[in-house]
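Numbering (full-length UniProt numbering), first residue to last: 1 to 52.
Worksheet: the structure to be examined is printed underneath.
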């Protein structure tokens, strides 16, 4: 029973993180009106940060 709760909690946290990551990702992506190259680099950076 306890194990199940722990597992559930982990999943929940993971989902939360994914949600905030995608939010930040969208925000940062939409508010950026710089060059395509810059956007691409930031996209990569963001993905790396979110994977941690």
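Every residue gets a Cβ at the ideal spot worked out from N, C-alpha and C, and that includes glycine.
The model shown is predicted, which means the values in this text are computed figures rather than measured ones.
{"Item": "Distance check for residue 48 and residue 11, CA to CA, integer angstroms please.", "Value": "20 Å"}
{"Item": "By how many angstroms is the C-alpha of residue 13 removed from the C-alpha of residue 43?", "Value": "23 Å"}
{"Item": "Roughly how many angstroms separate the alpha carbons of residue 20 and residue 46, rounded to a whole number?", "Value": "12 Å"}
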